[in-house]
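Numbers in the working numbering are just positions in the sequence shown, counted from 1, shifted up by 95. Think of the CB as a built atom: it goes at the ideal place given N, C-alpha and C, for glycine as much as any other residue. First comes the structure, then the notes that go with it.
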Amino acid sequence: MKVSRVIAAPRPHVFAAFADPAALARWLPPAGMTAALSSFDARPGGGYLMTLTYGDPRRHGQGKTTADSDSVEVRFAAFSPERIVQQVAFRSDDAAFDGLMTMTWTFDETPAGTEVAVTVEDAPPGISDADHAAGIASSLDNLARFLGG
96 MKVSRVIAAP RPHVFAAFAD PAALARWLPP AGMTAALSSF DARPGGGYLM
146 TLTYGDPRRH GQGKTTADSD SVEVRFAAFS PERIVQQVAF RSDDAAFDGL
196 MTMTWTFDET PAGTEVAVTV EDAPPGISDA DHAAGIASSL DNLARFLGG
């Protein structure tokens, strides 16, 4: 599955939004969620721990880790201004969310800014492609707003 969007900002600004933990926690959560980072190490072999919490009580019970949250452990297999490769594991007791998912983020300069493309491989079976694509698109919308475009 792949989702992309052109962000009206130069690649160094887009990359900086990934490399700054406070920035990442502001724009990465899809609509209706908030994020808290408990660690962050921006380098190959580094990574982060993030908990995403649903703000809408009507979504209570949809979390993968608790009734209203998803916790993920992310390791960076690559971390450069051109490409970030993340190995993502959900913290969940539900086997539908087991496994190691790979998310590859590429950043290509265009006349209109930076095309950010996200390719997902080996997503857990409990996450539908449609829901995942919608969540990534929401995050990319947030990134565009965060960077003023």
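{"query": "N-terminal and C-terminal residue of the beta strand (DSSP E) that F202 is part of", "result": "M196 to T205"}
{"query": "Nearest to V215 (by Cα), restricted to the options A225, A207 and T209", "result": "A225"}
{"query": "Cβ contact check for the segment 202–213 and the segment 96–103: 3 or more pairs under 8 Å", "result": "yes"}
{"query": "Coarse secondary structure for L147, derived from DSSP in three states", "result": "strand"}
{"query": "Neighbourhood of G194 by C-beta, 7 Å cutoff - its chain only, sequence neighbours within 5 removed", "result": "D217 and P219"}
{"query": "Opening and closing residue of the beta strand (DSSP E) in which A130 lies", "result": "M128 to D136"}
{"query": "Validate contact between the segment 168–186 and the segment 138–151 using beta carbons, cut 8 Å, 3 pairs", "result": "yes"}
{"query": "Beta-carbon spacing of A130, L238 below 8 Å", "result": "no"}
{"query": "Minimum C-alpha distance to S233 - residue among T201, R121, T205 and D163", "result": "R121"}
{"query": "Coarse secondary structure for G208, derived from DSSP in three states", "result": "strand"}
{"query": "Rounded Cβ spacing between E204 and R138 (contact assumed at less than 8 Å)", "result": "23 Å between Cβ atoms; not a contact."}
{"query": "Buried or exposed (CB count within 10 angstroms, at least 16 for buried), K159", "result": "buried"}
{"query": "Inter-residue spacing [alpha-carbon to alpha-carbon] between T201 and D163", "result": "30 Å"}
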